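Residue numbers (numbering that gives the first Met the number 0), protein chains in the order written: chain A, 0 to 117; chain B, 0 to 563; chain C, 0 to 504. Quick reminder that beta carbons are idealized off the backbone N, C-alpha and C, glycines included. Since the structure is predicted, the reported quantities are computational estimates derived from the model, not experimental observations. Take a look at the structure set out below.
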Amino acid sequence: MSKDMKIPETEPSNLPWLGRKLLWLDSIKNVDRIVYALFIVCAGLLAADFMYHKHSYLDIEDIPGFYAAYGFFMCAALVVCARALQVLLKRDEDYYAPKDVASEAYPEDQMNRETIND
Amino acid sequence: MTDLFPPFLLFVAGALVLPLIPNGHPRSLAAVIVPVISAYFIWMMPEGMHGQFLFMGQELTLLRVDKLSTVFGLVFCLAAFLALIYAWHVRDTIQQTTSLLYAGAAIGAVFAGDLISLFIFWEGTAIASVFLIWARRTEGAYSTGLRYLIVQVGSGVILLAGILLQYVDSGSMAFDAMTLGSPATWAIFLAFGVKCAFPLLHNWMPDAYPAATVTGTVILSAFTTKLAVYALARGFAGTEILIYIGAIMAIFPVFYAVIENDLRRVLTYSLNQQLGFMVVGIGVGTELALNGTVAHAFASILYQALLFMSIGAVLFRTGTAKASELGGLYKTMPLTMIFCVIGAASISSFPLFSGFVSKSLILSASVHEGHYIVWGILLFASAGAFIHSGIKVPFFAFFAQDSGLRPKEAPWNMLLAMGLTAFLCIAIGVYSDPLYALLPYEVVYVSYTTTHVVTQLQLLFFSALAFAMLMRTGIYPPALKSVNLDFDWSYRKLGPALIGAVRYVVRGIWGGLIGTGLRGVNWGFAALQRAHGADGLLARAWPTGQMVLWIAVLLGATLLLNYM
Amino acid sequence: MSPELAITLTILLPASATVLLALMDKRPNLREAVSLITAGVLFFIVFGLFETVLDGARPAAHWFDVIPGLSLSFEIEPLGMLFGVVAAGLWIVTALYSIGYMRGNNEANQTRFYICFAIAISAAMGIAFAANMFTLFIFYEVLTLSTYPLVAHKETADARRGARTYLAILITTSIGFQLVAIIWTWVAAGTLDFEIGGILTDKIEPTLLPFLLALYAFGIGKAALMPFHRWLPAAMVAPTPVSALLHAVAVVKAGVFTMLKVGVYIFGIDLLSTTGAADWLMWLAAFSILAASIVAMTKDNLKARLAYSTISQLSYITLGMALATSLGVMGGAMHIAMHAMGKITLFMCAGAIYVATHKTEISDMDGLGRLMPFTYGAFFIGALSIIGLPPLGGAWSKWYLMLGAADTGQIAMMVVFMASSLLNIAYLLPVVARGFFMGNSVPMAHSLGAAAVHAKGMKAIREAPLWCVIPPCLTAFGCVLLFFYAGEIYTLIEPVAFPKGAAPS
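In structure tokens form, the structure reads like this:
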């Protein structure tokens with residue numbers, strides 16, 4: 000979706016009950032809070048490494064925070080590589096054929112576009 | 000002809016009867032009942048070889064019942080049951096019947112005790128499944144379906160070639176463990192590999208699965224590839240090359256999954272990746288590893304179906320499954336979102352979710368057998384799965400930037416199917432004993448140890464941390480309307496281009512040859528005329544044999560002229 | 000009924016039916032009844048003979064000697080029996096279908112059509128049961144001549160041109176090459192009788208064998224081996240029942256049947272295999288299989304596509320013979336029956352589509368499957384059989400052909416068969432997929448929202464006349480039956496394919 004597109008206002012009362020309860024996710028501040036919570040959980044998990052006896056098969060596993068570092072750096076590397084690949088591999092949606100699954104619309108008669116306002 | 004009733008016949012019978020039942024709730028109910036009855040039959044079957052009979056001079060075994068085949072048979076029934084609930088609202092007769100036939104063929108193949116029956120069902124899955132793609136009824140789906148079918152039947156004919164070579168070599172049609180070496184076993188291995196989406200043989204999957212209908216993709220995701228996993232586990236357990244093939248399978252789709260825009264294609268790449276784990280398990284081949292493969296196949300059928308169901312529901316309500324078009328749906332489809340997150344947590348192997356108790360068996364097995372690099376790759380693949388399927392899919396569909404779409408919650412039958420599947424994903428993760436009891440070998444494995452839980456949580460949360468930071472810094476690849484080149488470029492672009500070039504050259508040469516040939520024939524005729532004119536040799540009395548010969552020559556020449 | 004009488008009857012019965020047919024010119028119902036009854040009786044007689052042959056008997060009939068040692072005589076051996084049963088059985092279906100098609104299309108000169116049809120069947124029986132190459136050749140030519148008016152039936156300029164090509168190629172190859180080969184054989188071997196193991200062993204220089212085989216292989220133009228295949232697409236101007244007869248029942252099957260006969264009874268499989276005389280033929284047949292398939296893909300006209308498909312499929316049988324192994328002969332013989340059943344289904348479906356909609360181009364047929372589900376269903380089954388997929392008859396012939404290739408270590412030929420299956424998909428199934436899934440939408444895809452209302456106003460089923468639809472459904476069902484009863488064919492052919500009794504499977 001393009002950024003300047005106007006997002007229609009939605010009456011919260013139209014939303015399902017669960018949707019209303021989750022609306023707090025809409026605020027940027029709350030999203031920040033989630034990220035801070037993630038920081039804290041990560042710190043806690045890292046600390047946990049020093050608090051129990053690790054059953055390991057490999058020496059490398061015994062390094063404190065090995066799994067944490069592995070996860071973090073491998074994922075960072077993955078995303079960076081993928082981004083580079085994207086530059087290389089990206090093509091228009093109708094690259095293979097003018098009528099390709101990637102570019103054509105899903106047939107209307109096989110779906111049901113009901114909205115909450117209906 | 001057989002002592003036990005083969006479960007696949009139930010599906011065939013169901014498919015034949017279905018069109019006669021009023022199209023509506025009765026028919027949907029009838030379809031859903033078939034896998035239930037079939038599961039009961041499978042559950043009651045005593046172990047051993049059943050359904051044996053002589054056909055075309057060969058002893059066929061329709062039912063080889065042992066723990067390996069039974070667990071696959073059961074999970075196929077379960078998958079069919081859930082998928083058919085999900086497809087309850089579908090009124091397209093072709094999809095209804097072929098779904099049943101497809102599931103039936105897959106179940107038939109799993110119980111096949113000889114290579115002939117295996118081949119028959121193998122091709123059966125190919126034919127029945129293509130209709131789920133064509134049923135989308137668009138030009139793109141039509142071509143995709145044709146490509147899919149050619150690859151699938153291609154796998155079948157390679158299997159056939161392998162079977163025949165095997166038969167010529169050994170005189171046996173039994174489907175037992177094989178050792179790679181002869182052309183026969185390589186052909187069979189390759190045939191399994193195509194359906195299992197080995198690297199470079201995998202393109203049919205990301206090509207076809209996102210092209211199927213909403214419900215079709217859910218059904219497709221369960222059977223074909225898991226059947227191939229079963230066949231590999233049966234035929235090639237402990238084949239070392241599978242470890243490396245599996246390791247490559249487990250990582251390279253990750254990159255595509257990260258950049259792909261169509262979320263159903265993201266899930267297809269992640270399915271391919273999960274197959275990599277199973278293939279590694281088969282390659283390691285120990286009891287622990289094979290248990291891991293089977294458990295993971297079981298778990299992954301469920302969570303993969305759940306993920307496809309949730310994104311399918313989004314597609315059903317919004318008409319798109321593209322990350323670039325979606326976002327913010329959690330407000331209006333919160334239940335679908337929750338089910339999607341449960342599927343995501345399962346595929347990411349969060350503790351208490353199904354992936355955790357199955358994937359760890361394979362990782363442990365690989366490290367037990369000293370495959371440390373493979374273990375490292377699988378660990379990376381786990382983190383990668385979390386990034387693209389665990390976070391990306393739910394994030395872009397339900398959160399991210401608000402797309403302005405306000406679709407209604409998924410219909411009741413989809414919610415029910417997703418709810419049941421989600422329940423199973425959690426149930427297996429929380430209480431894995433029933434699943435472990437189904438596995439081919441005895442399980443002496445405890446997944447919930449402190450070490451395991453803490454290390455897994457570290458891996459996942461720090462991966463999430465990486466995602467959050469990359470997202471916030473804008474390094475994470477944006478969702479763009481695009482397709483990404485994969486190996487199918489070779490046969491969708493390069494191949495046709497080469498053929499075009501060859502055709503151009505051949506046409507040129509052919510044209511030249513014809514011209515020269517025509518001149519030659521004309522010249523020859525003129526020469527004949529000069530030598531044997533009307534009052535020349537032909538006027539004389541000839542022995543009959545020679546006469547006929549000459550007539551023949553002349554007629555041959557006339558014929559040539561006829562062609563020009 | 001004595002076997003001699005039975006054999007003579009199979010040839011004379013359809014031939015004499017022509018008189019009745021001619022008399023019934025003005026009474027179409029009676030005429031068609033005669034045609035059907037003759038077909039039924041013929042099949043009854045042939046089936047009686049089938050049982051006899053299956054039990055190991057070899058019924059024979061001697062008509063007369065042309066010159067000493069050269070006679071017009073018949074002896075039924077398994078290959079001929081198979082061809083005879085296929086031709087007689089499918090004649091009934093074609094006869095039924097002709098009624099629906101010819102009337103549905105208001106074709107002119109229907110009596111001539113039925114008469115020529117009967118003569119063609121009579122000739123096919125003669126070919127099937129011939130005891131020597133001379134008799135076979137005579138009936139081979141009768142078949143060519145009797146089908147000429149059928150091809151030219153519409154009497155348009157196009158039809159005449161097609162028929163001329165048809166006649167020219169078949170006559171010239173048969174006289175120019177086949178007759179020469181027969182005379183050569185006669186001179187070399189002193190006999191033209193069909194004998195298991197062949198009549199040429201030690202009678203002819205091994206280096207010359209490939210040339211003699213070439214004269215036969217190209218002389219049997221009806222087998223449509225490339226480059227002598229052009230008559231087949233040319234003959235597509237004919238009405239569809241004729242195409243069914245040409246492509247499934249009589250003409251092309253007579254060709255490949257003769258090919259098998261020459262391989263098994265003139266040369267002998269052992270001779271071919273020890274001298275390697277058929278190696279070149281194997282490669283040429285492989286080329287024919289692939290090239291014709293590729294050409295088929297480029298044809299938009301449905302019948303033309305099926306014609307090229309036939310060329311490709313016929314070369315399966317030639318290739319089976321050229322493999323010079325028992326299993327290849329088995330596969331080739333089986334393919335006569337399997338392909339006949341599958342291809343006649345496809346042609347009758349193509350005809351039904353034409354009768355119902357007057358469409359001939361595949362690209363115009365989008366969405367027709369929904370209007371003609373039975374026709375398209377039958378087409379789908381026929382196509383799967385041609386592709387060679389279980390559970391349809393075509394799977395078994397392909398099985399044995401590939402087994403034959405595996406047995407002789409010809410991996411390349413296995414690859415050809417595999418590739419051919421995939422090419423078959425690429426040119427046959429688009430018809431089905433486009434018919435069922437393109438062009439219009441499903442009446443009701445699902446039960447929710449607007450889709451459920453959509454069902455109103457959809458076109459209902461609009462099939463061709465009943466007798467255009469039932470026959471292809473019957474033969475489609477036949478394709479399924481052949482999968483389960485292929486064992487019968489195996490048992491029938493076994494003594495020919497494995498004369499030494501060494502049957503591995």
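Which residues in the same chain as residue i place their Cβ atom closer than 7 Å to its Cβ, once the five residues preceding and following it in sequence are excluded?
i      : result
V468/C : A351, F373, T374, E462
T267/B : M204, P205, Y208, P209
I606/B : Past the boundaries of the shown model lies residue 606/B; chain B is included only from 0 to 563, so the question cannot be answered.
D48/A  : P63, G64
N290/B : L360, L438, P439, Y440, V442
G528/C : In the structure displayed, chain C extends from 0 to 504; residue 528/C sits before or after that span and is not available.
Cβ of residue i within 8 Å of Cβ of residue j?
i      : j      : result
S446/B : S462/B : no
V430/C : Y100/C : no
L53/B  : L3/B   : no
I34/C  : Y113/C : Contrary to the premise, residue 34/C reads as Ser rather than Ile in this sequence. Cβ atoms of S34/C and Y113/C: closer than 8 Å.
Y215/C : A187/C : no
Q94/B  : F130/B : yes
R506/B : P406/B : no
T206/C : I170/C : no
V294/C : Y315/C : no
A332/C : A277/C : no
S102/A : E113/A : no
Three-state secondary structure (DSSP) at residue i?
i      : result
F235/B : helix
D24/C  : coil
L259/C : helix
H295/B : helix
A538/B : Unreliable placement is indicated for A538/B, whose pLDDT of 45 sits below 50; the coordinate value is still reported in the next sentence. It is helical.
T9/A   : coil
T114/A : strand
P406/B : strand
D157/C : helix
D206/B : helix
L14/A  : coil
V566/B : With chain B covering only 0 through 563, there is no way to say anything about residue 566/B.
Taking residue i as part of the beta strand (DSSP E), name the residues at either end of that continuous run.
i      : result
I580/C : Given that chain C is displayed from residue 0 to residue 504, the structure contains no residue 580/C and the question cannot be resolved.
R63/B  : 57-64
W62/C  : 59-66
Starting from the C-beta of residue i, find all residues in its chain whose C-beta is less than 8 Å away, skip the five residues before and the five after it, and write them out in chain order.
i      : result
G535/B : Residue placement at G535/B is poorly supported in this model, since its pLDDT is 49, which falls under 50; the coordinates are not used for a value here.
M437/C : D365, G366
F17/B  : The sequence shown places Leu at residue 17/B, rather than the Phe named in the question. So the list reads R26, A29, A30, T92, Q95, T96, L99, once near-sequence residues are dropped.
At which residues does the alpha helix (DSSP H) containing residue i begin and terminate?
i      : result
V33/B  : 24-43
S116/B : 114-133
E140/C : 132-150
E493/C : 485-496
I106/B : 92-110
In terms of DSSP beta bridges, what is residue i paired with?
i      : result
Q51/B  : T60/B
K89/A  : N483/B
S70/C  : D64/C
N300/C : E360/C
L321/B : In the sequence as displayed, the identity of residue 321/B is Lys instead of Leu. In DSSP, K321/B forms a bridge with D261/B.
If I measure Cβ to Cβ from residue i and keep anything under 6 Å in the same chain, skipping five residues before and after, which residues do I get?
i     : result
A87/C : L41, F42, V45
L84/A : none
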